[in-house]
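Residue numbers (our numbering), protein chains in the order written: chain G, 19 to 253; chain D, 19 to 253. C-beta: ideal position from N, C-alpha, C; glycine also. Note that the structure is predicted; figures quoted are calculated from it, not measured.
Number of protein chains: 2
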Amino acid sequence: MIRTHPHMLAQYKQQHPYLVALDSIILGFDGETLRVLLVKRGVEEETWSLMGGWLQPDETLDQAANRILYELTGLTNVYLEQLHAFGDPHRDPITRTVSVAYFALIKVADDESRLSDAYQAQWFSVYDLPPLLFDHADMVELSIKRLRYKAAHQPIGFELMPEKFTIPQLKKLYDAIYNTDFDKRNFSRKILSTGLLIKLDEKQKGYSKKGAFYYQVDKAKYQQAIESLLSFIAN
Amino acid sequence: MIRTHPHMLAQYKQQHPYLVALDSIILGFDGETLRVLLVKRGVEEETWSLMGGWLQPDETLDQAANRILYELTGLTNVYLEQLHAFGDPHRDPITRTVSVAYFALIKVADDESRLSDAYQAQWFSVYDLPPLLFDHADMVELSIKRLRYKAAHQPIGFELMPEKFTIPQLKKLYDAIYNTDFDKRNFSRKILSTGLLIKLDEKQKGYSKKGAFYYQVDKAKYQQAIESLLSFIAN
DNA sequence: GCAAAAGTGTTTCGACTACACCCATGT
DNA sequence: ACATGGGTGTAGTCGAAACACTTTTGC
Numbered sequence: 019m020i021r022t023h024p025h026m027l028a029q030y031k032q033q034h035p036y037l038v039a040l041d042s043i044i045l046g047f048d049g050e051t052l053r054v055l056l057v058k059r060g061v062e063e064e065t066w067s068l069m070g071g072w073l074q075p076d077e078t079l080d081q082a083a084n085r086i087l088y089e090l091t092g093l094t095n096v097y098l099e100q101l102h103a104f105g106d107p108h109r110d111p112i113t114r115t116v117s118v119a120y121f122a123l124i125k126v127a128d129d130e131s132r133l134s135d136a137y138q139a140q141w142f143s144v145y146d147l148p149p150l151l152f153d154h155a156d157m158v159e160l161s162i163k164r165l166r167y168k169a170a171h172q173p174i175g176f177e178l179m180p181e182k183f184t185i186p187q188l189k190k191l192y193d194a195i196y197n198t199d200f201d202k203r204n205f206s207r208k209i210l211s212t213g214l215l216i217k218l219d220e221k222q223k224g225y226s227k228k229g230a231f232y233y234q235v236d237k238a239k240y241q242q243a244i245e246s247l248l249s250f251i252a253n
Numbered sequence: 019m020i021r022t023h024p025h026m027l028a029q030y031k032q033q034h035p036y037l038v039a040l041d042s043i044i045l046g047f048d049g050e051t052l053r054v055l056l057v058k059r060g061v062e063e064e065t066w067s068l069m070g071g072w073l074q075p076d077e078t079l080d081q082a083a084n085r086i087l088y089e090l091t092g093l094t095n096v097y098l099e100q101l102h103a104f105g106d107p108h109r110d111p112i113t114r115t116v117s118v119a120y121f122a123l124i125k126v127a128d129d130e131s132r133l134s135d136a137y138q139a140q141w142f143s144v145y146d147l148p149p150l151l152f153d154h155a156d157m158v159e160l161s162i163k164r165l166r167y168k169a170a171h172q173p174i175g176f177e178l179m180p181e182k183f184t185i186p187q188l189k190k191l192y193d194a195i196y197n198t199d200f201d202k203r204n205f206s207r208k209i210l211s212t213g214l215l216i217k218l219d220e221k222q223k224g225y226s227k228k229g230a231f232y233y234q235v236d237k238a239k240y241q242q243a244i245e246s247l248l249s250f251i252a253n
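So, in structure tokens, the structure goes:
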């Protein structure tokens, strides 16, 4: 049925409604590996699922995705972006459901403790996933592509880092995202040339003997950079 | 409500279903200006709308978007890509509707004649739009951003060109997309360096005195190029 | 023969790549 | 003193940008 002007109201009544769900691909970085947060489905079987929920009558899609993320992790102000709507008629065998997938980038350190115990949630390497519910594996795969694409064009990697981090830590993140090994000289030159990082006086202890300087993101400049990209770039 | 394992079936029953619509931002290029195809809403008022329709029970989202595009234009095999899901609770004042917006790039020459008369459809400059229904203006705006972004990274502009076209015509398209004026020497070097164009023996007549050579896309190489990008790039 | 658009080449500059050595410190 | 990871500089290459003149042909 095409929607057009004659008999508009009548057309609304003839339509089939569907359930609308939201599923979040929550990505985090533990210092070595890019990980996705999954919750256990069913008690016995080894099936895992993305964190998801239903769209409520008074919410926008973004609000619903934020709410669901909050209920699981207790986090707000998280990087969260709509990924894609999935609508295969049989994707959910129980009822036809259209799912709008979001992807979230979180600072694992932030989270850790706060993970709601109500859901059996666990971090999995994105390169080694258990069997996933419905089309959730497609969602994860698409989110990795999106992350790779975006990280190549925008300084988005900081979203996965804790407040303070070292350049070698950040390089490990990019190595994990692209499953490669960047040259550390070129990497640090490129990252520092953005002017988005502030060098702190403090050095990381315990990991290496020399210790690496901590940096933090210059939030004002970072916001500016994001905004000036957004004006040009897809959403 | 968060969706998780206990009492799954009961949870499905408590949920509110919504209508799911599809709206297509159909972009075309008439040789001078980037245009979007709109249909008239209401008989008297000057309100226009994107071409849209409802999701049917047996369709995927992509299928529904293709169907709706076909019903209006008679075209198949059109470049059509999911843009974004719009779900503000009040976006459609009659019934809560989640709309999945798609954007389509069509070759205006192809179309022209075939535009279904059942809908009063008209091309508008994307830089000079009439009042639009609901949030359709947001959708158009986002689609332009997406087009700009994608066209900068992929050889997507050909989708808006007729089978045969000249380099100056193609330059005009890119000028229109970015609302600027590219250097013709750099432009033609860059386009030709992709190796995706085949020079024909034929010259365009009537427009300029000298006449410009026609080119066509090397479809095999074009497919290859798109696919090798897709493997790396967001969706 | 002239006006109007098509077509083409060179230089400059900045960005990315590849690559190797010294530094600081904990043991 | 030595092992481990941190930090830095240079030369070469490639792609992007700036820029102006000649060619064709319809009138």
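Checklist entry - If you pair each beta-carbon of the segment 145 to 159 of chain D with each one of the segment 40 to 51 of chain D, do three or more pairs fall below 8 Å? => result yes
Item to check | Rounded separation between D110 (chain G) and V38 (chain G) - CA only | outcome: 11 Å
Item to check | Terminal residues of the alpha helix (DSSP H) in which M157 (chain G) lies | outcome: 154 to 171
Item to check | Simplified DSSP assignment, three categories, for R109 (chain D) | outcome: coil
Item to check | Residues bridged to F183 (chain G) (per DSSP) | outcome: G:Y233
Next on the checklist: Let's test the definition: count the other Cβ atoms within 10 Å of the Cβ of Y36 (chain G) and tell me whether it reaches 16, buried, or not, exposed.
Outcome noted: buried
Next on the checklist: Just to confirm, is the Cβ distance from L98 (chain D) to L87 (chain D) under 9 Å?
Outcome noted: yes
Item to check | Residue of D:E177, D:R114, D:V144, D:K189 minimising C-alpha distance to I209 (chain D) | outcome: D:K189
Next on the checklist: Which of the three DSSP states is assigned to P24 (chain D) in this structure?
Outcome noted: The predicted model places P24 (chain D) with a pLDDT of 48, which falls under 50 and marks its position as unreliable; any figure quoted below should be read in that light. Looking at P24 (chain D) - three-state DSSP - the assignment turns out to be coil, as it is neither helix nor strand.
Checklist entry - Just curious, the alpha helix (DSSP H) that I209 (chain G) is in, first and last residue? => result 202 to 211
Next on the checklist: Going by DSSP in three states, S67 (chain D) sits in which element: helix, strand or coil?
Outcome noted: strand
Item to check | Selection from D:D201, D:P148, D:Y192, D:R53 that minimises the alpha carbon distance to K168 (chain D) | outcome: D:Y192
Next on the checklist: Strictly below 7 Å CB to CB, what residues from chain D border Q140 (chain G)?
Outcome noted: The contacting residues do not exist; Q140 (chain G) stays about 14 Å from chain D at best.
Checklist entry - CB-CB under 8 Å to R166 (chain G), same chain, minus the five flanking residues each way: which ones, in chain order? => result I195, Y196
Checklist entry - Under the DSSP definition of a beta bridge, which residues are partnered with G49 (chain D)? => result According to DSSP, which records beta bridges pairwise, G49 (chain D) is partnered with nothing at all.
Checklist entry - In three-state DSSP terms, what is T114 (chain G)? => result The question names Thr, but residue 114 (chain G) in the sequence shown is Arg. Here R114 (chain G) sits in coil by DSSP.
Next on the checklist: Per the DSSP calculation, A122 (chain D) is bridged to which residue(s)?
Outcome noted: D:I44, D:L98
Checklist entry - Can you find a CB in chain D that lies within less than 9 Å of the CB of T51 (chain G)? => result no
Checklist entry - Do we get a CB-CB distance below 9 Å when we pair V54 (chain D) with the residues of chain G? => result no
Checklist entry - So, helix, strand or coil for Q140 (chain D), using DSSP? => result strand
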